[in-house]
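Q: According to our numbering, the sequence shown holds residues 1 to 368 in order. Can you keep this structure in mind? I'll have questions shortly.
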Amino acid sequence: MKFFSKKKKDTKIPPETDGASTSPEDLTQSDIPDPATTDSVESDEKDELIEKTDDDQTHEPEKSERKGFFGRLRTGLKKTRDILTTDIDDLFLGKRQIDDDMLEDLEELLITSDLGVQTTMDLVEGIRKRARSIAGPEELKHVMKEEVLALIRHDESQVPAEPLPRPYVVMVLGVNGVGKTTTIGKLAARAGSHGKKVLIAAADTFRAAAAEQLTIWADRAGADIVSHRDGADPAAVAYDGIEAALSREVDIVFIDTAGRLHTKVNLMEELKKIKRTITKKLPDAPHEILLVLDATTGQNALSQAEMFNDELEVTGLAMTKLDGTAKGGIVVSICSQLKIPLKYVGVGERIDDLQEFAPEEFVEALFN
Ligand code: GDP
Ligand code: MG
Numbered sequence: 001m002k003f004f005s006k007k008k009k010d011t012k013i014p015p016e017t018d019g020a021s022t023s024p025e026d027l028t029q030s031d032i033p034d035p036a037t038t039d040s041v042e043s044d045e046k047d048e049l050i051e052k053t054d055d056d057q058t059h060e061p062e063k064s065e066r067k068g069f070f071g072r073l074r075t076g077l078k079k080t081r082d083i084l085t086t087d088i089d090d091l092f093l094g095k096r097q098i099d100d101d102m103l104e105d106l107e108e109l110l111i112t113s114d115l116g117v118q119t120t121m122d123l124v125e126g127i128r129k130r131a132r133s134i135a136g137p138e139e140l141k142h143v144m145k146e147e148v149l150a151l152i153r154h155d156e157s158q159v160p161a162e163p164l165p166r167p168y169v170v171m172v173l174g175v176n177g178v179g180k181t182t183t184i185g186k187l188a189a190r191a192g193s194h195g196k197k198v199l200i201a202a203a204d205t206f207r208a209a210a211a212e213q214l215t216i217w218a219d220r221a222g223a224d225i226v227s228h229r230d231g232a233d234p235a236a237v238a239y240d241g242i243e244a245a246l247s248r249e250v251d252i253v254f255i256d257t258a259g260r261l262h263t264k265v266n267l268m269e270e271l272k273k274i275k276r277t278i279t280k281k282l283p284d285a286p287h288e289i290l291l292v293l294d295a296t297t298g299q300n301a302l303s304q305a306e307m308f309n310d311e312l313e314v315t316g317l318a319m320t321k322l323d324g325t326a327k328g329g330i331v332v333s334i335c336s337q338l339k340i341p342l343k344y345v346g347v348g349e350r351i352d353d354l355q356e357f358a359p360e361e362f363v364e365a366l367f368n
């Protein structure tokens, strides 16, 4: 999905701060982060982190200014990076060459960072083969960077050709709380800022207040929204969304869905019904089935991806909550174990905290 061209790294979409007028009373702060407040809290916290840890970042912007996306990704991955890099330094204490003990310890620390057993074994095997040429921790980190990058690099052939069909329909899936609605809000804002006309269909009718939450995000993003009452048939919402998109000449439609129903079977059946309904209205849609995964769930994210993919043929992944997790290795695991491309990463709750996944950048943030 490439419905917006890549922007410069430091380009920001300023969030609107008019939450008060649109915010329904039954929503809590935890449902909708208010940019006006989360901004100051978050940047204070992060500044503190930076002061303590990032001694190589001497040109920090003023407190009120947010760091670029890479800086936020790097700060977010600090815990994972600490496990990887500090422990690699320790591995070499008193040694000059890689030996079996060291590889065993390395295996353990990779698993601790949530790279998963298979990915860890692949990586360690790659390092074992190159062991003779590795004489110290810096060289080991360098080799690991290369090996990890080889595992997570994109297959560019997956990028759909321009121009995209109109409307381009993105159905968004994921278990409850992973960040589907937030991710839609962020993607809608980005697409909107690239001049695209966006419509969001609130097909999560299961959770009370889901549509209100989405309405706030849609307002912030300048997108249209189609919603029905709570408990309505989600497939009908999706249908109306596509219909409205066709008549209003919308460029991109995001379909939000529920992540929790009474049973897993119910949820999968409902999602399949939504998908069928979309296809009935627009034969080549949905063009993208985006599965949202929460990095803090570690290896669980991998099993979720397998589960959803078995039922719905997921075409892309978004990984949220990479800010502050020690489980950042899950990204490597996901990219190397699955055939589904990781398209977006999220590093916070604000509207500009989402970006296209860039493997080189990720590896830099993970090891440097
Ligand atoms: P949904 O149930 O899948 O729609 O999830 P929501 O979009 O409602 O998000 C659940 C919670 O996760 C909310 O509090 C979001 O603000 C938060 N969230 C979403 N993405 C991120 C992220 O990248 N980082 C952090 N820290 N929180 C996030
Ligand atoms: Mg939601």
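Glycine is no exception: its CB is placed at the ideal position from the N, C-alpha and C atoms.
1) Using 10 angstroms around the beta-carbon of Ser227, count the other beta-carbons present and answer buried if the total reaches 16, otherwise exposed.
2) Apart from the five residues just before and just after Ile152, which ones in its own chain have a Cβ nearer than 6 Å to its Cβ?
3) Taking DSSP as the reference, what is the three-state secondary structure of Lys369?
4) I need the straight-line Cα distance from Glu179 to Asp294, nearest angstrom please.
5) Within the continuous beta strand (DSSP E) that includes Gly316, where are the two ends?
6) Can you tell me where the beta strand (DSSP E) with Asp219 in it begins and where it stops?
7) The beta strand (DSSP E) spanning Ala202 covers which residue range?
8) What are the residues that DSSP puts in a beta bridge with Leu354?
9) By how many angstroms is the C-alpha of Ile88 removed from the C-alpha of Met102?
10) Could you say if the stretch 177 to 197 and the stretch 342 to 353 meet the contact criterion of at least three C-beta pairs nearer than 8 Å?
11) With a CB to CB cut of under 8 Å and the five nearest residues on each side skipped, what residues in its chain are close to Asp256?
12) What do you reckon, is the C-beta of Thr181 under 7 Å from a heavy atom of the ligand MG?
13) Assuming Val175 and Leu290 are in contact, meaning their beta carbons sit under 8 Å apart, how far apart are those beta carbons, in whole angstroms?
14) In the DSSP output, what is Ile252 paired with across the bridge?
15) Looking at His194 and Pro341, is the spacing between their C-beta atoms short of 8 Å?
16) Since Asp230 contacts Ala208 with CB under 8 Å, what's their CB separation in whole angstroms?
17) Regarding Asn176 and the ligand FMN, is the C-beta to nearest heavy atom distance less than 7 Å?
18) Taking Cβ positions, are Leu110 and Gly329 nearer each other than 8 Å?
19) The ligand MG and Ala305: does the residue's C-beta get closer than 7 Å to at least one heavy atom of that ligand?
20) Determine the burial state of His113: buried for a count of at least 16 other Cβ atoms within 10 Å of its Cβ, exposed for fewer.
21) What residue range does the beta strand (DSSP E) around Leu291 cover?
22) Relative to the C-alpha of Phe206, which residue among Glu311, Ile252, Thr263, Ala223 is closest?
23) Work out the CA separation of Pro165 and Lys273 for me, nearest whole Å.
24) How far does the beta strand (DSSP E) with Ile225 in it reach, from first residue to last?
A: Let me lay it out:
1) Buried is the label assigned to Ser227, since at least 16 other Cβ atoms lie within 10 Å of its Cβ.
2) In chain order, Val332, Cys335, Pro359 place their CB closer than 6 Å to the CB of Ile152, counting only its own chain and leaving out the 5 sequence neighbours on each side.
3) Here the chain has residues from 1 to 368 only, and residue 369 is not among them.
4) With the sequence shown as reference, residue 179 is identified as Gly, and Glu is not the correct amino acid for it. The alpha-carbon separation between Gly179 and Asp294 amounts to approximately 7 Å.
5) It spans 316 to 320 - the beta strand (DSSP E) in which Gly316 sits, taken as one unbroken run.
6) DSSP places Asp219 in no beta strand (DSSP E) but in the uninterrupted alpha helix (DSSP H) bounded by 210 to 221.
7) That run of the beta strand (DSSP E) goes 198 to 203.
8) Answer by DSSP bridge pairing, in chain order: Gly346.
9) Taking the straight line from one Cα to the other gives about 9 Å.
10) Verdict: yes, contact present.
11) So the list reads Val172, Lys180, Thr181, Ile184, Ile200, Ala201, Ala202, Ala203, Asp204, Ala210, Leu214, once near-sequence residues are dropped.
12) Yes, the ligand MG has a heavy atom inside 7 Å of this Cβ.
13) With 8 Å as the limit, Val175 and Leu290 do not qualify as a contact, their Cβ atoms being about 14 Å apart.
14) Per DSSP, Tyr168, Val198.
15) No. Outside cutoff.
16) So it is a contact: roughly 6 Å between Cβ atoms.
17) The model on display carries the ligand GDP and the ligand MG but not the ligand FMN.
18) In contact: Leu110 and Gly329 (Cβ atoms closer than 8 Å).
19) No, the ligand MG has no heavy atom inside 7 Å of this Cβ.
20) A small fix is needed here, since residue 113 is Ser in this sequence, not His. Result: buried.
21) Looking at the DSSP string, the run of the beta strand (DSSP E) that includes Leu291 is 288 to 294.
22) From the listed residues Glu311, Ile252, Thr263, Ala223, the smallest Cα separation to Phe206 is found for Thr263.
23) The alpha-carbon atoms of Lys273 and Pro165 are separated by roughly 22 Å.
24) Counting along the chain, Ile225 sits inside the beta strand (DSSP E) bounded by residues 224 to 226.
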